[in-house]
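Number of protein chains: 2
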Amino acid sequence: MSRYDKYFLMKEEDVAAYVEEKLQLFPRNAKVECKEIGDGNLNYVFRVKDADTGKSIIVKQAGESLRISAEMKLSTDRGRIEADILKIQGSLAPGLVPEVYLYDGVMCAMVMQDMVGHTMMRTGLINHETYPLFAEHISTFLVKSLLLTTDVMMDHKKKKELVKSFINPDLCEISEDLVYTEPFVDYNQRNNVFPVNSEFVKKELYDDKTLHLEAAKCKFAFMNNAQSLIHGDLHTGSIFINQEHTYIFDPEFAFYGPMGYDIGNIIANLFFAWCNGDASIEDKAEKEKFCGWVLDTIECIVDKFIAKFKVEFQEKAVERMAKVAGFADWYLAGVLADTAAAAGFESIRRTVGMANVKDITSITDEQRRARAERIIITLAKDYIMNREKFTDGTAYRKAIAAAISEY
Amino acid sequence: MSRYDKYFLMKEEDVAAYVEEKLQLFPRNAKVECKEIGDGNLNYVFRVKDADTGKSIIVKQAGESLRISAEMKLSTDRGRIEADILKIQGSLAPGLVPEVYLYDGVMCAMVMQDMVGHTMMRTGLINHETYPLFAEHISTFLVKSLLLTTDVMMDHKKKKELVKSFINPDLCEISEDLVYTEPFVDYNQRNNVFPVNSEFVKKELYDDKTLHLEAAKCKFAFMNNAQSLIHGDLHTGSIFINQEHTYIFDPEFAFYGPMGYDIGNIIANLFFAWCNGDASIEDKAEKEKFCGWVLDTIECIVDKFIAKFKVEFQEKAVERMAKVAGFADWYLAGVLADTAAAAGFESIRRTVGMANVKDITSITDEQRRARAERIIITLAKDYIMNREKFTDGTAYRKAIAAAISEY
Numbered sequence: 417m418s419r420y421d422k423y424f425l426m427k428e429e430d431v432a433a434y435v436e437e438k439l440q441l442f443p444r445n446a447k448v449e450c451k452e453i454g455d456g457n458l459n460y461v462f463r464v465k466d467a468d469t470g471k472s473i474i475v476k477q478a479g480e481s482l483r484i485s486a487e488m489k490l491s492t493d494r495g496r497i498e499a500d501i502l503k504i505q506g507s508l509a510p511g512l513v514p515e516v517y518l519y520d521g522v523m524c525a526m527v528m529q530d531m532v533g534h535t536m537m538r539t540g541l542i543n544h545e546t547y548p549l550f551a552e553h554i555s556t557f558l559v560k561s562l563l564l565t566t567d568v569m570m571d572h573k574k575k576k577e578l579v580k581s582f583i584n585p586d587l588c589e590i591s592e593d594l595v596y597t598e599p600f601v602d603y604n605q606r607n608n609v610f611p612v613n614s615e616f617v618k619k620e621l622y623d624d625k626t627l628h629l630e631a632a633k634c635k636f637a638f639m640n641n642a643q644s645l646i647h648g649d650l651h652t653g654s655i656f657i658n659q660e661h662t663y664i665f666d667p668e669f670a671f672y673g674p675m676g677y678d679i680g681n682i683i684a685n686l687f688f689a690w691c692n693g694d695a696s697i698e699d700k701a702e703k704e705k706f707c708g709w710v711l712d713t714i715e716c717i718v719d720k721f722i723a724k725f726k727v728e729f730q731e732k733a734v735e736r737m738a739k740v741a742g743f744a745d746w747y748l749a750g751v752l753a754d755t756a757a758a759a760g761f762e763s764i765r766r767t768v769g770m771a772n773v774k775d776i777t778s779i780t781d782e783q784r785r786a787r788a789e790r791i792i793i794t795l796a797k798d799y800i801m802n803r804e805k806f807t808d809g810t811a812y813r814k815a816i817a818a819a820i821s822e823y
Numbered sequence: 417m418s419r420y421d422k423y424f425l426m427k428e429e430d431v432a433a434y435v436e437e438k439l440q441l442f443p444r445n446a447k448v449e450c451k452e453i454g455d456g457n458l459n460y461v462f463r464v465k466d467a468d469t470g471k472s473i474i475v476k477q478a479g480e481s482l483r484i485s486a487e488m489k490l491s492t493d494r495g496r497i498e499a500d501i502l503k504i505q506g507s508l509a510p511g512l513v514p515e516v517y518l519y520d521g522v523m524c525a526m527v528m529q530d531m532v533g534h535t536m537m538r539t540g541l542i543n544h545e546t547y548p549l550f551a552e553h554i555s556t557f558l559v560k561s562l563l564l565t566t567d568v569m570m571d572h573k574k575k576k577e578l579v580k581s582f583i584n585p586d587l588c589e590i591s592e593d594l595v596y597t598e599p600f601v602d603y604n605q606r607n608n609v610f611p612v613n614s615e616f617v618k619k620e621l622y623d624d625k626t627l628h629l630e631a632a633k634c635k636f637a638f639m640n641n642a643q644s645l646i647h648g649d650l651h652t653g654s655i656f657i658n659q660e661h662t663y664i665f666d667p668e669f670a671f672y673g674p675m676g677y678d679i680g681n682i683i684a685n686l687f688f689a690w691c692n693g694d695a696s697i698e699d700k701a702e703k704e705k706f707c708g709w710v711l712d713t714i715e716c717i718v719d720k721f722i723a724k725f726k727v728e729f730q731e732k733a734v735e736r737m738a739k740v741a742g743f744a745d746w747y748l749a750g751v752l753a754d755t756a757a758a759a760g761f762e763s764i765r766r767t768v769g770m771a772n773v774k775d776i777t778s779i780t781d782e783q784r785r786a787r788a789e790r791i792i793i794t795l796a797k798d799y800i801m802n803r804e805k806f807t808d809g810t811a812y813r814k815a816i817a818a819a820i821s822e823y
C-alpha cells in the first residue's frame, strides 16, 4: 500500500517523497527541494531539485478542473494523452521534445526532463531575444510529428488505433469554443476585448457574417478531419528554447486533427512577438533587428516546412494512392490553406478571446496596443478569407506588410 | 459454466440450444429447427424457427476470417459494432432496421428479428420487382441515421465517444483497398474484369491518371473525414424489402466517415438493377416500366434526401456555428459531391473489382453485359470527375441518359 494508490492533488511537500517512491532518481540522503512553478491554466508543475548536485526533474500533475475556474471540469486522461504523445513525438523528432521518465495513470502525474538552461519562448520573445535556429528546429518538428502520423506515411490500421487512443473530448471542446466560436459569437460573455477597440471588434468580428461562415467551415474541419496527430496548442508558451536547442512540450491538447492547426499557431504567435517589439522597442536599430528577425523567421518556417515536407513525402510515402501524380501537391496545398486559416483564428482568439497573450497585453501604451490589435485582426481576416493564397513564405510577408500599412 | 463461455464457431445443431440458453424465446417443448442461410462473405447466419407456430428469429455469428478466404482474418469486434449501430439507427429511424434481442460479446453472436415476408432487395430487383415506397423509406433512413449523428446535431463530446467506439480498422481496410485502390491499380491481382471489356478497362481505369488523382483525394476523405456514423456497405444486398416495408441491415462496416458514401452506394446499386432490366427484359412495356421506375427512384431519392435534410437541419441543428447564414447549403453541397463520387467508386468496384454484383454478372448475353459495364464505367467517371455538378435528382437523370446514349 502506498498513499499514491489513489488520486489526490499533490502539494510541494508531497512531491519529493512521490518521486523518491516512484523513481529513486536522487541519492538516498540527497537534500531534495520542491517548488511549484506552473503558470498554465490546467496543471500543477513542480520542479524537484537535488540542492547538492543541482540535478532537477519536473513533475506535472493534471488537476480535475481548470486552475482559473473550479467549475470547468476536465478529464485527467489528458495526462495520459500528453505522456503518450511526447513519447511518439520523441521517436519521430528526436531531441525536440523533453524526455518522459514515468507516467502514473493513478496520480495522473508525469515525471519528465527539466529543460534547464532554456526559457519559455514567449518570455524570451517579450524580452526581444532572437533564436536563429528556431525556424530550422520547428520546421523539422512540424514535418516529422505531423506528416509521419498521417495515412500517407502510416499503416492505416495502426493510425486508426492512434486516432482512437487520442480522442480528446474535453480539450477539443475548449478549442472548439474559444478558437472557433466565442471570438465571433460572444455567447458565454467570456471575451476580453480591449475597450479602445470595442467598436472595431464589433464591426470586424461580431458583425462580419462572411467571416462567420468561414469560421464555421474551419470549425467542422477541426472537428472532423482526422489527418494527423497534432500538438493542438503549439504557441510560444509551449516551447522552451535557447540559442542551441528547442523543446516543444505541453501537448495535452493533442488529437487527430488538421496539421495546419499546429503550423498556423506558431505563425500567429510569432507575429504577436513582432507586435510587441514594434510597440515597445524604442531604439530603431534594435527594433529593426528584432522585428526583422521575426518576419524572416515566419517566412523561413513556411518555406522550410514546404521543402522538408516535399522531401519527406517523396522519400517515405507508403500509401499507394498518395503516390499518384499530383496528389502530394494537392495535399500540401490543403495543409497550407489550413495553416493560414489556423493562423487567423489563433490571431483573433488571442486578441479578443478569453485567453489573451502577454505579448499584446503587456504593451503599456494604449494607442500602440490598439494599433497592434487592429493590425492582427486585419491580417487574421486576410489569412482566413484568402487562405488559398498563402502558398509560401513570401505570401505571409506581403500580407503582413499590407496589414501594417493600413494602420 | 456454459459451453458458450468461450468463443467457437457454431454449426446448425448448436444454435437452437444457444438461443434456448440465452433468451428462452420459444416454449420449452417447442420443435425448434435451425438452418444456416448466410450468403455474405463475412458471417454465419442462422434462422431458428418454431415448427409449430412458425415464429422465427435470426442468429448471426461473426467468424474470425472471411468465408471466401481463411487467410483474410477479421476482428470479430465487428459484431459488437453491428449490434451497437443497429440500436442507434433503430432509435434514430424507428422501424427501418431490424430489432436486436441480444448481443453476446463472447460468442460474437447477435440474436435479432427475422424479417419474415421480406426479400433481399437485390434479389427482388433482379426479378424486376418494383418498390414504390423505397425512395420515401431510404431517404428518411439516410437523413435520420446520417445527419443526426454529425456535429451539426450532436453534443460534440458524445459524438467523439461514438467516433471512438466505431473505429473499425479491419472493415475500413477492405473498403480502402477494394473501393478506392484496386479498381485503379490492380496490385493484388484480385480484380474480376469481364474479358470482353479488358481493353476498355485498361484504357478507362488503369491508364487514366487524372481519375487516379481524384480516387486518391476521395480515399483520403473516406479515411479522414469523421463526419457521420455511416452504414458503410449500403448496397441492395443490405436491404430487406416488400411493398410496405424496408429494413436496412448488415451495418458491420459502420464507422464515422463521409455520409455521401452511404447515399452514393444506394444510387450505384439501383443503377445496376437498371442495367439488368435493360439487358434482360425482352417485353418492351415491362422493360420501360421497370427501368423507368429505377430512374424515377434514383431521382426521387436524391431530391427527397435534399428536402428532408434541409428540414431536419433547419429544425434540429444544435451547433451554433452551423446555424450561420450559408453554412447548411455549403455543408449539403459537400455531402452531394461526396455522394456522386461514392456512386462512381461503388459503380466501378462492383464492375471490375473483387466483389462483383449479380445484377451484372447474371446478364447472360455477352455483348449486352459488355455494353452495361461500359455504360456503368462511363457514368461512374462522370460522377467522380464532375461530382460538384450532381446537386439534384435531375443531374443524375441527365448523366445517366448521356452515358446510355454513348453505347
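So the sequence lines, in the order shown, correspond to chains F and V.
Numbering of the first sequence is given in my numbering, commencing with residue 417 and proceeding in unit increments.
Numbering of the second sequence is given in my numbering, commencing with residue 417 and proceeding in unit increments.
Note that CB positions come from ideal geometry on N, CA and C, so glycine has one too.
Give a yes or no on whether the minimum CB-CB distance between residue i and chain V is below 7 Å.
i	result
Q730(F)	no
N641(F)	yes
A551(F)	no
V387(F)	Not covered by the structure: residue 387(F). The range shown for chain F is 417 to 823.
M801(F)	no
I478(F)	One point to set straight first is that residue 478(F) is Ala, not Ile, in the sequence displayed. No, its Cβ sits nowhere closer than 7 Å to a Cβ of chain V.
T755(F)	no
T597(F)	yes
Under 9 Å Cβ-Cβ, which residues of chain V neighbour residue i?
i	result
E577(F)	I583, P585
F725(F)	Ordered by position in chain V, no residue passes the 9 Å Cβ test against F725(F), which lies about 16 Å from the chain.
Y603(F)	R736
K625(F)	V740, A741, G742
Counting only the same chain and skipping the five closest in sequence on each side, list residues whose C-beta sits under 7 Å from that of residue i.
i	result
K774(F)	R538, I542
F665(F)	V513, P514, S654, F656
Y423(F)	V522, M523, C524
R813(V)	L711, E715
For residue i, which residues of its own chain have a beta-carbon under 8 Å away from its beta-carbon, when the five flanking residues on both sides are left out?
i	result
G769(F)	L594, V595, E598, P599, R606, N607, N608
L409(V)	Residue numbering for chain V in the displayed model covers 417 to 823; residue 409(V) lies beyond these limits and cannot be assessed.
I697(V)	H544, K703, F706, C707
I779(F)	C691, N692, A695, S696, R785, A788
What residues of chain F sit near residue i, judged by a beta carbon separation below 8 Å?
i	result
L629(V)	V740, A741, G742, F743, W746
Could you confirm whether any beta carbon from chain F is found closer than 7 Å to the beta carbon of residue i?
i	result
A689(V)	no
M488(V)	no
K580(V)	yes
T492(V)	no
Spatial neighbours of residue i within its chain, please: CB distance less than 6 Å, with the 5 preceding and 5 following residues excluded, ordered by chain position.
i	result
I453(V)	V461, R463
D694(F)	C707
So residue i and residue j are supposed to be a Cβ contact under 8 Å. How far apart are they, rounded?
i	j	result
Y663(F)	V513(F)	6 Å
T767(F)	I792(F)	5 Å
I474(F)	D530(F)	5 Å
I504(F)	L645(F)	7 Å
Which residues in chain V sit within 8 Å of residue i, going by Cβ to Cβ distance?
i	result
H572(F)	P585, C588, E589, E592, M639
K633(F)	F743, W746
Taking residue i as the query, report the chain F residues whose CB atoms sit under 9 Å from its CB, ordered along the chain.
i	result
T565(V)	Ordered by position in chain F, no residue passes the 9 Å Cβ test against T565(V), which lies about 12 Å from the chain.
Closer than 7 Å by beta-carbon distance: list the chain F residues that pair up with residue i, in chain order.
i	result
F636(V)	D567
Y663(V)	Here the premise fails: no neighbours, minimum Cβ distance about 29 Å.
> Along the chain, which unbroken stretches of the alpha helix (DSSP H) at least 4 residues long are found entirely within the stretch 608-692 of chain F?
Replying inline: 614-617, 625-640
>> So within the stretch 458-484 of chain F, which uninterrupted beta strand (DSSP E) runs reach at least 3 residues, ignoring any that extend past its ends?
In response: 459-466, 472-478
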